[in-house]
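*Asks:* Structure incoming, see below.
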Amino acid sequence: MADFEGMPIGFIGLGIMGKPMARNLAAAGYTLVIYNRSQDDIDTLLAEGGQFQAAGSPCDVAERTKAVITMLPDSPDVRDVVLGDNGVLPALGTGHLLIDMSTIAPATAVEVNGAVRERGARALDAPVSGGDKGAIAGTLSIMVGGDAEDVQRAMPLFEAMGKTIVHVGGAGAGQIVKACNQVVVAVNYAAVSEALVLGAKAGVDPDKIVQVLSGGLAASRVLELKGQTMIAHQFAPGFRTDLHRKDLGIALSTAGANSVPTPITALVTQLFEALAAAGTGDLDHSALVTVYEEMAKFTIGDMG
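Here my numbering is used: the first residue of the sequence shown is 568, the next is one more, and so on.
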């Protein structure tokens with residue numbers, strides 16, 4: 568536990584990702600002071616044992632801890648929790664470390680870092696990849712932006728939640744790498760969806776398609792983890808479509824700010840927009856296959 572050994576850890580944001588991440592920290596021996604907008608999520612963890620303690624506000628979390636982790640949906644949520652009324656900022660000072668593991672705009676990460684440093688505290692942006700399965704298993708990939716000494720302070724916390732932990736640069740760099748990650752994941756979902764609908768409508772068993780593609784150069788984590796559930800239309804959210812849409816918006820904005828053409832990302836973003844327009848933005852992002860099925864007027868499950 569190193570720098571934070573024997574100290575409670577703050578955790579704000581107990582959604583699909585945050586809750587299992589908090590559980591893994593508790594399993595590693597930490598006591599957590601938790602806060603969430605939904606009381607139900609707090610109650611769920613409180614019922615699991617004394618390693619969880621409820622706080623009344625984000626500020627309360629920071630007042631009772633030296634390290635605060637946030638796992639929130641979007642940039643406005645992070646700004647509100649850090650900079651807003653009853654936010655963590657007034658309670659931060661020398662020795663505090665704020666670790667934002669949300670996926671937000673790089674500019675917001677830089678803004679938050681600057682505000683935190685003005686208080687004499689330190690901050691890291693440390694978004695994750697791996698979905699709910701990685702969060703549950705404690706095998707997340709964590710890409711960290713900030714100063715090296717702060718990354719080292721946080722390393723025992725990261726190791727309780729993730730497997731691949733890489734310091735990628737200064738403030739905001741973690742969010743830039745996460746935007747790159749989300750581009751690749753989105754394009755991969757589009758490619759897998761396109762291949763499954765093409766092959767199935769042409770008469771090939773989609774299970775066989777997944778089996779063959781998984782053994783060659785086309786293999787990917789998307790295909791491995793989601794190929795079968797896409798065929799079965801099992802779209803319980805591990806990562807919601809609306810959140811991936813938000814992430815692609817961040818990627819396109821970052822590309823524009825750096826004069827980088829991203830035509831494939833722009834096209835795949837429109838496919839995700841079509842999925843949301845169909846009223847399914849709350850489904851798992853693997854539901855992108857249904858957009859291809861609609862365009863092809865063919866459902867994989869109708870084969871034969």
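We put the beta carbon where it would ideally sit given N, CA and C, even for glycine.
1. Please give the ranges of any alpha helix (DSSP H) in the segment 604 to 670, keeping only runs that are unbroken, at least 4 residues long and fully inside the region.
2. Between residue 580 and residue 632, how many whole angstroms is the CB-CB distance? I'm expecting something under 8 angstroms.
3. Runs of 3 residues minimum, wholly inside the segment 695 to 746: which ones carry the beta strand (DSSP E) assignment?
4. Take the Cβ of residue 685 as the centre, count every other Cβ of all protein chains shown within 10 Å, and call the residue buried at 16 or more, exposed below.
5. How is the alpha helix (DSSP H) around residue 692 delimited, first residue to last?
6. Given that a residue counts as buried once 16 or more other Cβ atoms are within 10 Å of its Cβ, and exposed if not, what is residue 760?
7. Taking DSSP's pairing of strands, which residues face residue 515 in a bridge?
8. What residues match up with residue 807 in a beta bridge as DSSP calls it?
9. So, does the segment 718 to 726 touch the segment 744 to 756, judging by three or more C-beta pairs under 8 angstroms?
10. Check whether the segment 641 to 651 touches the segment 667 to 675, counting contact only when three or more Cβ pairs, one atom from each stretch, lie closer than 8 angstroms.
11. Does residue 791 come out as helix, strand or coil in the three-state DSSP assignment?
12. Measure the alpha-carbon distance for residue 858 versus residue 842 and round it to whole angstroms.
13. Distance check for residue 617 and residue 573, CA to CA, integer angstroms please.
14. Just tell me which of 659, 619 and 828 has its CA closest to the CA of residue 629.
15. Residue 809 and residue 848: beta carbons closer than 7 angstroms?
16. Taking the alpha carbon of residue 626 as the reference point, which residue from 656, 607 and 601 has its own alpha carbon closest?
17. Closest by CA to residue 598, which one among 604, 584 and 613?
*Replies:* This is what the structure holds:
1. 606 to 613, 625 to 630 and 642 to 650
2. Within the sequence shown, residue 580 is the residue found at index 13, counting from 1. Within the sequence shown, residue 632 is the residue found at index 65, counting from 1. With 8 angstroms as the limit, residue 580 and residue 632 do not qualify as a contact, their Cβ atoms being about 15 angstroms apart.
3. 707 to 712 and 729 to 736
4. For the purposes of this step, residue 685 is taken as the residue at position 118 of the sequence shown. The residue in question, residue 685, is exposed, as its Cβ has fewer than 16 Cβ neighbours within 10 Å.
5. What you label residue 692 is simply residue 125 of the sequence shown in a count that begins at 1. It is not in any alpha helix (DSSP H) - residue 692 instead sits in the beta strand (DSSP E) that spans 689 to 692.
6. As a position in the sequence shown, residue 760 is number 193, starting the count at 1. Per the 10 Å Cβ criterion, buried.
7. Residue 515 is absent from the model: the chain starts at 568 and stops at 871.
8. Along the sequence shown, one-based indexing puts residue 807 at 240. Per DSSP, 851.
9. no
10. yes
11. Position 224 of the sequence shown, counted from the start, is the residue given in the question as residue 791. Three-state result, residue 791: helix.
12. Stepping through the sequence shown from its first residue, residue 858 is reached at position 291. Stepping through the sequence shown from its first residue, residue 842 is reached at position 275. Cα to Cα, the separation comes out at about 6 angstroms.
13. Along the sequence shown, one-based indexing puts residue 573 at 6. Along the sequence shown, one-based indexing puts residue 617 at 50. Looking at the two C-alpha atoms, the distance is approximately 15 angstroms.
14. As a first step, residue 629 must be located in the sequence shown, where it is residue number 62. The option with the nearest alpha carbon to residue 629 is 659.
15. Indexing the sequence shown from 1 puts residue 809 at position 242. Indexing the sequence shown from 1 puts residue 848 at position 281. The answer is yes: Cβ separation under 7 angstroms.
16. What you label residue 626 is simply residue 59 of the sequence shown in a count that begins at 1. The candidate whose alpha carbon is nearest that of residue 626 is 656.
17. Within the sequence shown, numbered from 1, the residue matching residue 598 stands at position 31. If we check each option's Cα against that of residue 598, 613 comes out closest.
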